[in-house]
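Quick notes on the structure that follows.
Number of protein chains: 2
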Amino acid sequence: MAGVKIYDTAVSPQWIDYNGHLRDGYYSVIFSSAVDALMDRVGLDEAYRKHTGCTLYTLEMHLHFLHEVKQSDALSVQVRILAADRKRIHAALEMYAEGKAEAVASCEFMLLHVSQNPEPRAVAFPPEIAAAIEQLRQLSAALPAAGPGSRTIELRSRT
Amino acid sequence: MAGVKIYDTAVSPQWIDYNGHLRDGYYSVIFSSAVDALMDRVGLDEAYRKHTGCTLYTLEMHLHFLHEVKQSDALSVQVRILAADRKRIHAALEMYAEGKAEAVASCEFMLLHVSQNPEPRAVAFPPEIAAAIEQLRQLSAALPAAGPGSRTIELRSRT
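Chains as they are written, first to last, in the numbering used here: chain R, 1 to 159; chain S, 1001 to 1159.
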């Protein structure tokens, strides 16, 4: 296992496509919910968002699809905090299906802390949130990756 | 405008998150449906899939979130075929909201042609499909990008 377990979910029947597998777009929806769980863990939870008007915006997401996922699979997501600064979190998430050793997908996110009112603008994390992010980073940054990381997508000829 | 228009959609109320905007994961769901439209356009449609047992698998997806999308936005997606080989398509998709000049998101996909039975394996496109892909590539490859392309996600310090 590659990171700190943060989220688990069943596969909704509506997420299955005409190929009989989890549709690519819904891997992202699951990873998005896992980021919500990450937010809860570091204190960027509903109460914080309501009280401060601050939240995370996703700037970028890079997803590798490694194995098919079926309706019957029980999924879990693990997280590694690769880096963070005053306003941003660079996180790597990996998805597993119960009973399979290899990750079924890996995903990197760049997340930005934003104050939404009156106009959205990037703001620094409060100290206690920054400390919680740093604690999780120290716990997870050095753990091994279970799938490819972000890179430039390109087609190298194999024909 | 940056590519060949391939898909349009309204924003489903279920896709709006606690920030009041289109949830990041649903940008991917919309891009995924746009890839279905791309498949229809080059002949990898439902009849083809049923007849041949072949389809496209998504290997990789890299998404940049450029602007917030609201419930009331009417969205369209444009495609550029950046490259293709015997079995793969490297496509860039850009999402627009009606009435706004700038793209709200850009996304690159690496797609692989797969024969699903008896076991999934990569296979070459039939000649007529390859020709349709090449025609769309010639039409779109040189069109300008409307958002960032795929790159390695990394946090350069701005603090």
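Glycine is no exception: its CB is placed at the ideal position from the N, C-alpha and C atoms.
Quantities reported herein were computed from a predicted structural model and do not represent experimental measurements.
Q) Exposed or buried, S1028 of chain S, counting other C-beta atoms within 10 Å across all chains shown (16 or more means buried)? A) Counting from one through the second sequence, the residue named residue 1028 of chain S turns up at place 28. With 16 or more Cβ atoms within 10 Å of its Cβ, S1028 of chain S is classed as buried.
(Q) Applying the 10 Å Cβ sphere with the 16-neighbour rule, what's the burial state of E1060 of chain S? (A) To locate residue 1060 of chain S, count along the second sequence from 1; it is residue 60. With 16 or more Cβ atoms within 10 Å of its Cβ, E1060 of chain S is classed as buried.
**Q.** Range of the contiguous beta strand (DSSP E) that encloses T1055 of chain S
**A.** Taking the second sequence and counting its residues from 1, the one referred to as residue 1055 of chain S is at position 55. 1054-1065 is the span of the beta strand (DSSP E), which, as asked, contains T1055 of chain S.
**Q.** As assigned by DSSP and simplified to three states, the class of T159 of chain R
**A.** Along the first sequence, read from residue 1 onward, the residue named residue 159 of chain R stands at position 159. A caution first: T159 of chain R carries a pLDDT of 47, below 50, which makes its placement in the model unreliable, though a value can still be read off. Annotated three-state conformation of T159 of chain R is coil, per DSSP.
Q.
Any C-beta of chain R within less than 8 Å: which residues of the region 1056-1068 of chain S qualify?
A. Y1057, T1058, L1059, E1060, M1061, H1062, L1063, H1064, F1065, E1068
Q: Note down, in chain order, every chain R residue with its Cβ under 7 Å from the Cβ of N1117 of chain S.
A: In the second sequence, the residue the question calls residue 1117 of chain S occupies position 117. In chain order: nothing, as chain R lies at least about 11 Å away.
**Q.** Exposed unless 16 or more other CB atoms sit within 10 angstroms - verdict on G3 of chain R
**A.** As a working mapping, residue 3 of chain R is identified with position 3 in the first sequence. Buried: at least 16 other Cβ atoms inside 10 Å.
Q) At least one CB of chain R closer than 8 Å to the CB of T1052 of chain S: is that the case? A) Here the question's residue 1052 of chain S lines up with position 52 in the second sequence. T1052 of chain S does not count as touching chain R.
Q. To which residues of the same chain is D73 of chain R closer than 6 Å at the C-beta, ignoring the five residues directly before and after it?
A. Residue numbering aside, residue 73 of chain R sits at position 73 when the first sequence is read from its first letter. Around D73 of chain R: V11, A97.
(Q) For a quick check, are the C-beta atoms of N1019 of chain S and T55 of chain R less than 8 Å apart? (A) Here residue 1019 of chain S refers to the residue found at position 19 when the second sequence is read from its first residue. Here residue 55 of chain R refers to the residue found at position 55 when the first sequence is read from its first residue. Between N1019 of chain S and T55 of chain R, the C-beta spacing is below 8 Å.
Q: Show which residues of chain R have a CB atom less than 7 Å away from the CB atom of T1152 of chain S.
A: Locating residue 1152 of chain S in the second sequence gives position 152, counting from the first residue. Against chain R, a Cβ distance below 7 Å from T1152 of chain S picks out S150, R151, T152.
Q. Could you give the distance in angstroms between the alpha-carbon of R41 of chain R and the alpha-carbon of L1111 of chain S?
A. For the purposes of this step, residue 41 of chain R is taken as residue 41 along the first sequence, with counting starting at 1. For the purposes of this step, residue 1111 of chain S is taken as residue 111 along the second sequence, with counting starting at 1. Using only the alpha carbons, I get a separation of about 35 Å.
Q) Between H1067 of chain S and L136 of chain R, what straight-line distance do the alpha-carbon atoms span, to the nearest angstrom? A) Mapped onto the second sequence, residue 1067 of chain S falls at position 67. Mapped onto the first sequence, residue 136 of chain R falls at position 136. One C-alpha to the other measures close to 29 Å.
**Q.** Interface flag, V1004 of chain S vs chain R, CB-CB below 8 Å
**A.** The residue you call residue 1004 of chain S lines up with position 4 of the second sequence. With 8 Å as the cut-off, V1004 of chain S does not count as an interface residue toward chain R.
Q) What residues are listed by DSSP as bridge partners for E94 of chain R? A) Looking up residue 94 of chain R in the first sequence gives position 94. Bridge partners of E94 of chain R: R:Q78, R:S106.
Q: Note down, in chain order, each residue of its chain lying with its Cβ closer than 8 Å to the Cβ of V1114 of chain S, except the 5 sequence neighbours on either side.
A: Here the question's residue 1114 of chain S lines up with position 114 in the second sequence. Answer for V1114 of chain S: C1054, T1055, L1056, Y1057, P1120, R1121, A1122, V1123, listed in chain order.
Q) Hey, is G43 of chain R's beta-carbon within less than 8 Å of any beta-carbon in chain S? A) By one-based count along the first sequence, residue 43 of chain R stands at place 43. Not closer than 8 Å to any Cβ of chain S, the Cβ of G43 of chain R fails to qualify, so no.
Q. Does any CB atom of chain S fall closer than 8 Å to the CB of A83 of chain R?
A. Looking up residue 83 of chain R in the first sequence gives position 83. Yes - at least one Cβ of chain S is within 8 Å of the one on A83 of chain R.
(Q) With a threshold of 8 Å between beta-carbons, can H90 of chain R be considered close to chain C, or not? (A) Note that chain C does not occur in the displayed structure, where the protein chains are R and S.
Q: Using only alpha-carbon positions, find the residue among R:V79, R:K70, R:R156 that is nearest to G99 of chain R.
A: Taking the first sequence and counting its residues from 1, one reaches residue 99 of chain R at position 99. G99 of chain R has its Cα closest to that of R:K70, out of R:V79, R:K70, R:R156.
Q.
If we define contact as Cβ-Cβ less than 8 Å, is R137 of chain R a contact residue for chain S?
A. For the purposes of this step, residue 137 of chain R is taken as residue 137 along the first sequence, with counting starting at 1. With 8 Å as the cut-off, R137 of chain R does not count as an interface residue toward chain S.
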